[in-house]
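Everything in the sequence shown is counted per this note's numbering, starting at -4 for the first residue and increasing by one. Even glycine gets a Cβ: it sits at the ideal position worked out from N, Cα and C. Below is one structure, written out as structure tokens; comments come after it.
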Amino acid sequence: MKMNKKKKWTGILTAGLTLALVLSGCSSQTKDSSSSSTTTTDAPKTESAGGSPVEITFWNMFGGGEGDFVDQIIKGFNDSQKEVSVKQLRLESNEYYAKLSTALSSSKGPDVAVAHVDRISPFVKAKQILPVDELATKVGFDLKEITESNIQSVSYDGKPYAVPLDTHFHMFYYNKDILKKADLLNEDGTPKLGDMTPEGFEKTLGDIHAKVPDVQALAVNTPYFQEPFLNMYYEAGGDILNADMTKAAINNDKALNVLKFYTDIYKNNYSDLNDKTPWDTFHNGKAAFWFGGVWEAGLLLGDKSLNIGAMPLPPIFGSQTHWASSHTLVIPSYVSAEKQEAAAKFMKYFSEIGGKTWGQAGHVPANSNVTASEEYKSLPYRSEFIEAQKTVKFAPPTDKYTTIITTISESLQNIIFGNETPKDGLANMEKQINEVLDN
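Take a look at the structure:
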């Protein structure tokens, strides 16, 4: 499969829309990460006075640039002590969760593994992964270092079942050269956005379209439209499910208004509905604005010649609440006590020390000590990332989320490409989600 720049730089490899949704978070790009390799990365074994170190196997799906950072973290951990040796197995993202689920069911697989926050609920329900609080205490890892929102996202009945590594979400990237041509660049290099309403933002897009007609005013992630939709829908105060997660809550005026906003943008040619690679469009200087993942920071902000800036998503629909996901580390229930403790030591290192390296990938580390460090804050635009992290909204913690978000994505595609009206599409979406919840 030929990899586009998005997949190359963000480590996202999808085998189709459904798989992209399964790996949501780095969702489109969300999706996270992926790899074109299924080989292992073994660190050389060391020996302590008591004998060989405890060897643990670490499963993940991180490829591309993200994989390079993970390799550094594993090497750093293995070199830092002689008690534990981590052996990495990197799987293709399009097969990762199928293989992880099989491993957890058969009690044969990794000793520690990556799982997105919206994927752990079924594992908790099936008692296939362990709570991590007692293990963390045993190895001197204070989970209070992890931000409260991250800990809450992995907690069930008051127990954390994973160690969150990061929060990832979308930023508002802007091309300063295009905005300067449109007379929409402030002296400090930030965009002039006008009134923060759907109508006001559309006027800004119209000004760009009129003055710089050879570019898209806003590249919209149409191939993974659930992402830009959820960003604005959450801004408007919307929810996917009701409070007790028994019924769909997405068929409402808030969702209709967001869909009208995007269909207006397409109709007025501010964005190209048929753009299959909008991430490339923006990177190549052919779009003024882009709602892109923090994991794109290395590509978009690392090259000063691109003249790109970043800020939190503007409150177009009244708030700055926006979609987010998180990579976490989990320990399967079948792991022996000795390896549980070894895995917990690796988790502690990944969070406290490796988090500094992981932050370079663009993700906002979940460890507050890392984000408070001068090393992290000195990275480009990271103060903006930290600000945006304060208003994230995670997926509802239901074990049926994967099926639900797939349903949402497919329904949204039908709507934006005109196969259904927004009103009919939302009604059908609601019906399908309720059938999933009732089954």
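State the beta-bridge partners of residue i as determined by DSSP.
| i | result |
| --- | --- |
| lysine 154 | Tyr151 |
| glycine 62 | According to DSSP, which records beta bridges pairwise, glycine 62 is partnered with nothing at all. |
| alanine 214 | Trp285 |
| phenylalanine 118 | Partner(s): none; phenylalanine 118 has no beta bridge. |
With distance defined between alpha-carbon atoms, name the residue in the options nearest to residue i.
| i | options | result |
| --- | --- | --- |
| isoleucine 403 | Lys242, Lys187, Met424 | Met424 |
| phenylalanine 118 | Asn89, Ser102, Thr132, Thr386 | Ser102 |
| arginine 114 | Glu129, Leu130, Pro105, Tyr92 | Tyr92 |
| leucine 130 | Glu90, Leu407, Val158, Lys82 | Val158 |
| glutamate 50 | Ser363, Phe64, Gln76 | Gln76 |
| glutamate 61 | Asp161, Phe196, Asn409, Asn247 | Asp161 |
| valine 207 | Gln384, Pro193, Ser266, Asp259 | Ser266 |
| isoleucine 141 | Ile245, Glu87, Pro391, Thr323 | Thr323 |
| isoleucine 410 | Ser47, Tyr371, Gly189, Phe224 | Phe224 |
| histidine 278 | Gly354, Asp234, Lys171 | Lys171 |
| alanine 238 | Trp274, Leu125, Pro392 | Pro392 |
| valine 387 | Tyr228, Ala214, Ala243 | Tyr228 |
| tryptophan 274 | Val215, Lys94, Glu370, Trp54 | Val215 |
Is it buried or exposed, residue i, if we count other Cβ atoms within 10 angstroms and call 16 or more buried?
| i | result |
| --- | --- |
| aspartate 183 | exposed |
| glutamate 382 | exposed |
| alanine 44 | Legend: pLDDT at alanine 44 = 41, less than 50; position of this residue unreliable, value from coordinates given subsequently. By the neighbour-count rule (16 or more Cβ atoms within 10 Å), alanine 44 is not buried but exposed. |
| phenylalanine 412 | exposed |
| glutamine 221 | buried |
| tyrosine 151 | exposed |
| lysine 351 | buried |
| aspartate 106 | buried |
Can you give me the Cβ contacts of residue i inside the same chain, cut-off strictly under 6 Å, excluding the 5 residues immediately before and after it?
| i | result |
| --- | --- |
| tyrosine 261 | Leu268 |
| asparagine 364 | Glu140 |
| isoleucine 146 | Pro155 |
| alanine 110 | Thr323, Val325 |
| lysine 418 | none |
| leucine 125 | Ile326, Ser328 |
Report all residues from its chain with a CB closer than 7 Å to the CB of residue i; omit the five preceding and five following residues, and keep chain order.
| i | result |
| --- | --- |
| leucine 296 | Ile303, Ala305, Pro375, Tyr376 |
| proline 39 | Interpretation of proline 39 is limited by its pLDDT of 39, a score under 50 that renders its predicted location unreliable; the figure taken from the coordinates is listed afterwards. For proline 39, where only same-chain residues beyond five positions count, there are no Cβ hits under 7 Å. |
| alanine 10 | Low local confidence applies: a pLDDT of 35 at alanine 10 is under 50, so the model's placement there is unreliable, and no value is given. |
Going by beta carbon distance, what residues of the same chain come within less than 8 Å of residue i, once the five residues before and after it are set aside?
| i | result |
| --- | --- |
| asparagine 226 | His165, Phe286, Leu308, His317, Trp318 |
| histidine 358 | Leu160, Asp161, Thr162, His163, Val289, Trp290, His322 |
| asparagine 263 | Glu197, Leu200, Gly201, His204 |
| glutamine 427 | Thr402, Ser406 |
Could you give the C-beta distance for residue i and residue j, rounded to a whole number, given that I count them as a contact under 8 Å?
| i | j | result |
| --- | --- | --- |
| glycine 313 | glutamate 230 | 6 Å |
| glutamine 123 | leucine 84 | Wrong, their Cβ atoms sit about 18 Å apart, outside the cutoff. |
| glycine 233 | alanine 250 | 6 Å |
| lysine 334 | phenylalanine 136 | Incorrect: roughly 16 Å between the Cβ atoms, too far for contact. |
Heavy atom of the ligand ATP less than 7 Å from the Cβ of residue i, yes or no?
| i | result |
| --- | --- |
| alanine 244 | Ligands are entirely absent from the displayed structure, and the ligand ATP is therefore not among its contents. |
With 8 Å set as the bound, which would you pick, yes or no: does the beta-carbon of residue i sit closer than that to a beta-carbon of chain D?
| i | result |
| --- | --- |
| aspartate 137 | Looking for chain D here will not work: only one protein chain is present. |
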